[in-house]
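Residue numbers (the UniProt record's numbering): 1 to 283.
Positions of the beta carbon are idealized from the N, C-alpha and C atoms, including for glycine.
Okay, structure first, notes after.
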Amino acid sequence: MARRPGAPAAYRDEFSFVSPLVKYLLFFFNMLFWVISMVLVAVGVYARLMKHAEAALACLAVDPAILLIVVGVLMFLLTFCGYIGSLRENICLLQTFSLCLTIVFLLQLAAGILGFVFSDKARGKVSEIINNAIVHYRDDLDLQNLIDFGQKEFSCCGGISYKDWSQNMYFNCSDDNPSRERCSVPYSCCLPVPDQAVINTMCGQNMQAVDYLKASKVIYTNGCIDKLVNWIHSNLFLLGGVALGLAIPQLVGILLSQILVNQIKDQIKLQLYNQQHQADPWY
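Laid out in structure tokens, this is it:
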């Protein structure tokens, strides 16, 4: 770059296309999510270590702790690229960060569109996940607490109906089942009792063996899938706001990383130009 007449000699060395605002905004943005990712991994690992090894392996596919670890590790690697890339002004790391963040955003967008367009298949997949969780209900305390919370929150029981609990080996209604919970449902299926001081954990005893009308006086008989679908339809604006809240940080990260990459490229061109023309008498 040619120096203006009268400009100080150090002008060309001090000038930089890289904006400190963009650089450190992206740096602190990634540092925040980097710390969050480490917390997720720590919580997930702690939850796994606190479980009995055999019980944990039995329900590996539906373990919430595994989900925390996977999400945390992926977020850690992704934000690490943006964290170090912005600090060191490394184009390769910044482009990797931007590309991965774009892929994640597009996958989320595609999942939302496909879930809306193919709602029947999405419902079937949700049903499969819930049934798998029912099978492993007693194998994982975290999963058990999650199912109990969901059944209480949505006032439901099982996947399609309360009789889905027969898929669990402890609640199965077969004659050769020696379990004391045979033909029962978890206490979280029971209708709330006003002013109950002590929770009756056996309130769902033998509820699968009675008809729908009689059972409905003691437990929730509607399945959680229908309740979940109805809740989604009733809270579309809330879900849209959550989706937007997740999308905005991703879009900001992509935008800042691309701006910083372009600024670094311009700075490299400037440095090469200065090196090539440093010996020129007019430089």
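Pick from the options that is closest to residue i, judged by C-alpha positions
i: L191; options: D139, C156, N90; result: C156
i: D164; options: L68, I66, H136; result: H136
i: L74; options: N235, F28, A215, C100; result: C100
i: A209; options: F171, D226, L228, D139; result: F171
i: G158; options: I254, D226, I36, A65; result: D226
i: G115; options: V229, K269, K265, D266; result: V229
i: F76; options: W231, P64, I36, S127; result: I36
i: A133; options: Q167, F28, I103, K152; result: Q167
i: R182; options: Y212, Y162, Q205; result: Q205
i: K214; options: P186, A197, Y162; result: Y162
i: C224; options: N177, P194, I160; result: I160
i: F28; options: Q196, F80, T102; result: F80
Three-state class that DSSP yields for residue i in the structure shown
i: G159; result: coil
i: N262; result: helix
i: I219; result: strand
i: Y273; result: helix
i: L40; result: helix
i: C203; result: coil
i: C100; result: helix
i: C81; result: helix
i: I173; result: Note on identity: in this sequence residue 173 is Cys, with Ile being the wrong assignment. Coil, per DSSP.
i: C92; result: helix
i: C224; result: helix
i: C190; result: strand
i: S234; result: helix
i: residue 293; result: There is no way to answer for residue 293, as the model of the chain reaches only from 1 to 283.
i: N168; result: coil
i: F154; result: helix
i: D139; result: helix
i: F15; result: coil
i: S179; result: coil
i: A197; result: coil
i: D211; result: coil
i: R3; result: Summary for R3: the model assigns pLDDT 43, below 50, so the residue's position carries little reliability; its value from the coordinates is reported in the next sentence. Of the three classes helix, strand and coil, the one that applies to R3 here is coil, per DSSP.
i: M50; result: coil
Short CB-CB distance (under 8 Å) between residue i and chain D
i: N145; result: You won't find chain D in this structure, because it holds only one protein chain.
Inter-residue spacing [alpha-carbon to alpha-carbon] between residue i and residue j
i: L141; j: L260; result: 46 Å
i: C59; j: I147; result: Legend: pLDDT at C59 = 49, less than 50; position of this residue unreliable, no value from coordinates given.
i: L48; j: N30; result: As written in the sequence, residue 48 is Arg, which differs from the Leu given in the question. Computed Cα separation, rounded: 27 Å.
i: L106; j: V252; result: 14 Å
i: T221; j: C173; result: 17 Å
i: N235; j: I130; result: 21 Å
i: G150; j: F237; result: 21 Å
i: F97; j: L21; result: 19 Å
i: P249; j: L68; result: 20 Å
i: V18; j: I84; result: 16 Å
i: K125; j: F33; result: 30 Å
i: A53; j: L40; result: With a pLDDT of 47 at A53, under the threshold of 50, the modelled position of that residue is not reliable, and no figure is offered here.
i: K23; j: L94; result: 11 Å
i: S127; j: F154; result: 15 Å
i: residue 329; j: V198; result: Given that the chain is displayed from residue 1 to residue 283, the structure contains no residue 329 and the question cannot be resolved.
i: T201; j: Y187; result: 5 Å
i: residue 288; j: V70; result: No answer is possible for residue 288: the residues shown for the chain start at 1 and end at 283.
i: A61; j: D139; result: In this predicted model, A61 has a pLDDT of only 49, less than 50, meaning its place in the structure is not dependable; the value taken from the coordinates is given anyway. Rounded to the nearest angstrom, the two C-alpha atoms are 12 Å apart.
i: L78; j: N262; result: 20 Å
i: I103; j: I254; result: 11 Å
i: N177; j: C203; result: 19 Å
i: K152; j: K217; result: 16 Å
i: Y46; j: L272; result: 51 Å
i: I113; j: I66; result: 26 Å
i: A42; j: N145; result: 20 Å
Expected contact under 8 Å - CB spacing of residue i and residue j to nearest Å
i: G44; j: G82; result: Not quite, the Cβ-Cβ distance comes to about 22 Å (not below 8 Å), so this is no contact.
i: S184; j: M169; result: Rounded, the Cβ-Cβ distance is 12 Å, inconsistent with contact.
i: L246; j: L26; result: In fact, because the Cβ distance is near 18 Å, the residues do not count as touching under 8 Å.
i: I232; j: C189; result: With a Cβ gap of about 21 Å, I232 and C189 do not count as contacting.
i: S16; j: Q267; result: 6 Å
i: P194; j: L143; result: So it is not a contact: roughly 29 Å between Cβ atoms.
Cβ contact check for the segment 235-251 and the segment 79-98: 3 or more pairs under 8 Å:
no
Evaluate contact between the segment 264-279 and the segment 107-120, counting only Cβ atoms and requiring at least three cross-stretch pairs below 8 Å.
no
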